[in-house]
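Quick note on my numbering: the sequence shown kicks off at 5 and runs consecutively.
Reviewing the structure listed below.
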Amino acid sequence: MKSVYLGLGSNIEPKVEYLKKAVEKLAAEPEIILEKTSSLYLTKAYGYQDQADFINAVVYLKTSLTPEKLLKTVLKIESDLGRVRNQKWGPRTIDIDILFYNKLEYQSQDLIIPHPEIKKRAFVLIPLIEVAADKLFIEDVSIKKWLQKLDYDQDEIKFYDEFPNINSNKK
């Protein structure tokens, strides 16, 4: 089983419910074991800013799926939850990004691992640090150090709530 970290976000109500449903769908997958979820963070929109604030979180899981099969799985979950891709950085019911897949460096037409924008996004780094602490590195620099290097407005990323309990059919 491979260790994987996913970033999740939603800015269409009910935001928390979309995040919860996405994680429940991930946990229900036979080849995925949910290990840990971060807290929820309220964040200002990134890119196109004339839209509602996001709620973001990070999920740590283990999977036997290949990176490409995992991508297909998360894209299906996004679609099942009403994700529409008609505007870059636009509003979305759910966004699921593969941040890390073991220590793999991987690039295809549809997927880059580690996610190329992690080190620029405090709204990803903060919940990622919460679940991974000092375990993850980008270019041999810890994710904590990347956050320290980042110039961001701390008022734009606020603790929102604990992640809701997840219903999983697995024993």
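Yeah, the Cβ is synthetic: ideal placement off N, Cα and C, and Gly gets one too.
Quick caveat: nothing in here was measured; it's all calculated off a predicted structure.
Notebook entry, point to check: With C-beta atoms as the reference, is Asn15 less than 9 Å away from Ile81?
Noted result: One thing to note: Asn15 has its Cβ no nearer than 9 Å to the Cβ of Ile81.
Notebook entry, point to check: Which whole-angstrom value describes the C-beta separation of His119 and Asp144, a residue pair presumed to lie in contact below a C-beta threshold of 8 Å?
Noted result: Between His119 and Asp144, the beta carbon gap of about 17 Å keeps them out of contact (Cβ cut-off 8 Å).
Check: Where does Ile100 fall in DSSP's three states?
Finding: strand
Item checked: As assigned by DSSP and simplified to three states, the class of Lys124 -> Three-state result, Lys124: helix.
Check: In chain order, what residues of the same chain have a beta carbon less than 6 Å from the beta carbon of Asp155, not counting five sequence neighbours either side?
Finding: none
Notebook entry, point to check: If you check the beta carbons only, do Leu74 and Thr67 fall under 9 Å apart?
Noted result: Against a cut-off of 9 Å, the Cβ pair of Thr67 and Leu74 comes out as a contact.
Checklist line | Of the residues Ile161, Ile170 and Gln111, the one placed nearest Tyr50, counting alpha carbons only | finding: Ile161
Check: On the three-state DSSP scale, how would you describe Leu10?
Finding: strand
Next item on the list: Tell me where the beta strand (DSSP E) around Asp165 begins and ends.
Entry: Ile161 to Asp165
Check: Roughly how many angstroms lie between the CA atoms of Leu132 and Gln53, to the nearest whole one?
Finding: 23 Å
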